[in-house]
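Each residue of the sequence shown is one higher than the one before, counting from 256 in the numbering used here.
Data first, discussion second: the structure below is written as structure tokens.
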Amino acid sequence: MTHDQLQEAGFLLADYVPEGTSYQRGDLYVRMTPDGTLRVFLPHDTDGTVELSSGDVFSPHILYRGPIHDIDELKKITNGWGTSSS
256 MTHDQLQEAG
266 FLLADYVPEG
276 TSYQRGDLYV
286 RMTPDGTLRV
296 FLPHDTDGTV
306 ELSSGDVFSP
316 HILYRGPIHD
326 IDELKKITNG
336 WGTSSS
């Protein structure tokens, strides 16, 4: 997945990541939703494994950890997340 593809899917590169998180050696992208923040972390040293999380950045709720081969797969996994009407 490229930066442009992630932007097209509504994710923005986090230009600041606080110390003390697990997001130090990679790129963190965020998408704001009505239900909160959805994050995609792309570690630099990986075999294609990414992490999708929500909640507190210091103690994230892991929604998915594993390979995502392309942006279409990411869109399928995140389809409907953060769209509650309540």
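Built from N, CA and C at the ideal position, the CB exists for glycine as well.
Asked: Quick one, which of Gly291, Arg286, Gly321, Met287 has its alpha-carbon nearest Asp302's?; Found: Gly321
Asked: Contact check, Ile332 vs Ile326 under 8 angstroms by CB: the rounded distance?; Found: About 11 angstroms separates the two Cβ atoms, so there is no contact after all.
Asked: Please go through the same chain and pick out, in chain order, the residues whose beta-carbon is closer than 7 angstroms to the beta-carbon of His215, but skip the five residues on each side of it.; Found: With the chain covering only 256 through 341, there is no way to say anything about residue 215.
Asked: What is the rounded straight-line gap between the Cα of Gly281 and the Cα of Arg294?; Found: 13 angstroms
Asked: Looking only at C-alpha atoms, which of His316, Asn334, Gly335 sits nearest to Phe296?; Found: His316
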